[in-house]
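Those protein sequences? They're chains X and H, same order as listed.
So the first sequence is numbered by the working numbering: it starts at 1 and just counts up by one.
So the second sequence is numbered by the working numbering: it starts at 1001 and just counts up by one.
Each residue gets a CB set at the ideal place from its N, CA and C atoms; glycine is no exception.
Everything numeric in this text was worked out from a predicted model, so none of it was measured.
Protein chains: 2
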Amino acid sequence: MDIGIIGSGRMGGVLGTLWARQGHRVCFSYSRDLARLERLAVAVGGNARSGTPQEAAQFGEVVLLAVPWALALGVITQVAPLVAGKALLTCVIPWNEDRSGLAVGTDRSAAEEISRHLPSARIAEVLGALPDSLGWINGGRQRPAMFYCGYDPQAKAVAAQLIEDLNAEPIDAGCLHVARYLEPAAALLQHLAVGQGYGPEIGLQLVRPVD
Amino acid sequence: MDIGIIGSGRMGGVLGTLWARQGHRVCFSYSRDLARLERLAVAVGGNARSGTPQEAAQFGEVVLLAVPWALALGVITQVAPLVAGKALLTCVIPWNEDRSGLAVGTDRSAAEEISRHLPSARIAEVLGALPDSLGWINGGRQRPAMFYCGYDPQAKAVAAQLIEDLNAEPIDAGCLHVARYLEPAAALLQHLAVGQGYGPEIGLQLVRPVD
């Protein structure tokens, strides 16, 4: 396929490189550093070129949008006529300016609401494994990840221990405001299990290079 | 540990059962069906009892909150004095009434905003693997999950194929509104990588019982 890449930072750069190695032709565009863009295309080789966002949008039968959220709506108005009818793949996470949260998305969570109503308790959130996955993995060799977050170190230590006792892997996700990511992530897993037919026994694992 | 379980449905029931098997003592509470609650405690055996939410909150040095969101704030006001200073673990996902979305959380996403600004393009979102994870897993035996969602079947087919070409596993997450879960889930992964020190090369895998 011919793929136009709008936003050739870390994500767009890696995706375009891997696709070019698979035999797709790619056109990198939209870096703040035009020389870097050209070096990237040269390094990738014969299947890669570089150009303006308009050239990339025109070039691609598929267009990848991989720019920071603050720039996304601006650049798509520039290329709108050129992507009509084409598949446009977006991998934009709408981080706010200082990446402390999402600009499009919630600044609330159930865990924080609960904490506000229970200021005297030491709150931690524990989410990310479906109950049925704990059942089967308990007898098996794999264990699902279970994420926990909170402000109180003592509550977090308890959470980590009790996750271990489910034979799940405790992943420290940070402070309680991370519940804003964790609750939608758990909702995603439930949606996959029920709405998308992957089944109630699926689980997530966090994999690392050394695994 | 002594663990009070408030909300003994599927999630609270399984967690309490597994913890009791590990030697913790649990008190199940807050089921619409009191006979079911007692059967659950009997089935689990000597480490389990059942009671009211107040009894469970009093019993536990740790309290698990596992009720539907619509009931959460009501029940915690009933037990507030009893959980003061205790670790309270919440695994409440704030689903709305018909479970079509989150009641506390966003009803917006970058992908939907982009789609609104580009009605003529066939939008799919592709998220869930960090660029550095694609680098290392490409040379390895494990591949990270990459989730895609959208309304347009053609764009989704392209997304799935191009995820395969990254040597990642394409997971069909459904319609474009699932971007409301997917973007925070991707934010969680980035936060783990950078903010929590798990490193830029981590990835998620979807595991199933047959794996």
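Give me the Cα-Cα distance between Gly-85(X) and Gly-13(X), rounded to the nearest whole angstrom. Between Gly-85(X) and Gly-13(X), the C-alpha separation is close to 24 Å.
Where Leu-1018(H) meets chain X, residues with beta-carbon distance less than 8 Å: Within 8 Å Cβ-Cβ: Leu-134, Asn-138, Asp-165, Leu-166 and Asn-167.
In whole angstroms, give me the CA-to-CA distance for Glu-112(X) and Tyr-181(X). In this model, Glu-112(X) and Tyr-181(X) are separated by some 12 Å (Cα to Cα).
Neighbourhood of Pro-53(X) by C-beta, 7 Å cutoff - its chain only, sequence neighbours within 5 removed: The answer, listed in chain order, is Ile-6, Ser-29, Tyr-30, Val-75, Gln-78 and Val-79.
Inside the stretch 1068 to 1114 of chain H only - alpha helix (DSSP H) runs reaching at least 4 residues: At a cut-off of 4 residues, the continuous stretches assigned as alpha helix (DSSP H) that sit fully inside the stretch 1068 to 1114 of chain H are 1069 to 1079.
Go ahead and pull the three-state DSSP assignment for Ala-1121(H). When DSSP states are grouped into helix, strand and coil, Ala-1121(H) belongs to the coil group.
So the alpha helix (DSSP H) Gly-1016(H) belongs to, where does it begin and stop? Start and end: 1010 to 1021.
Quick check: is the beta carbon of Tyr-1151(H) nearer than 8 Å to any beta carbon in chain X? Not one chain X Cβ lies under 8 Å of Tyr-1151(H).
Under the three-state DSSP convention, the category Val-116(X) falls into: Residue 116(X) is actually Arg in this sequence, not Val. Three-state result, Arg-116(X): helix.
With 16 other CB atoms within 10 Å as the buried threshold, where does Leu-134(X) fall? By the 10 Å Cβ count, Leu-134(X) comes out buried.
Phe-147(X) to Gln-1205(H) span [Cα, whole Å]: Taking the straight line joining both Cα atoms gives about 14 Å.
Please report whether the beta-carbon of Tyr-1030(H) lies at a distance below 8 Å from any beta-carbon of chain X. It does not; no Cβ of chain X falls within 8 Å.
Measuring alpha carbon to alpha carbon, tell me which of Leu-34(X), Ser-100(X) and Gln-58(X) ends up nearest Gly-9(X). Residue Leu-34(X) is the option with its Cα nearest to Gly-9(X).
With DSSP collapsed to three states, give me the class of Tyr-198(X). Look at Tyr-198(X) here: in three-state DSSP terms it is coil, with no helix or strand label.
Residue environment, Gly-174(X), which counts as buried when at least 16 other CB atoms sit within 10 Å: Here Gly-174(X) is buried, its C-beta having at least 16 other C-beta atoms within 10 Å.
Any residues in the stretch 1168 to 1180 of chain H with a beta carbon nearer than 8 Å to a beta carbon of chain X? Which ones, in chain order? Under the 8 Å Cβ criterion, the stretch 1168 to 1180 of chain H contributes Ile-1171, Asp-1172, Ala-1173, Gly-1174, Val-1178 and Arg-1180.
Where does Arg-39(X) fall in DSSP's three states? Secondary structure at Arg-39(X): helix, using DSSP grouped into helix, strand and coil.
Which residues of the stretch 1062 to 1093 of chain H have a Cβ closer than 9 Å to any Cβ of chain X? Give them in chain order. Answer in chain order: Val-1062, Val-1063, Leu-1064, Leu-1065, Trp-1069, Ala-1072, Leu-1073, Ile-1076, Thr-1077, Val-1079, Ala-1080, Pro-1081, Val-1083, Ala-1084, Gly-1085, Lys-1086, Ala-1087, Leu-1088, Leu-1089, Thr-1090, Cys-1091, Val-1092 and Ile-1093.
Please tell me whether Glu-183(X) and Ile-1171(H) are closer than 8 Å, where the distance is taken between their beta carbons. Cβ atoms of Glu-183(X) and Ile-1171(H): not closer than 8 Å.
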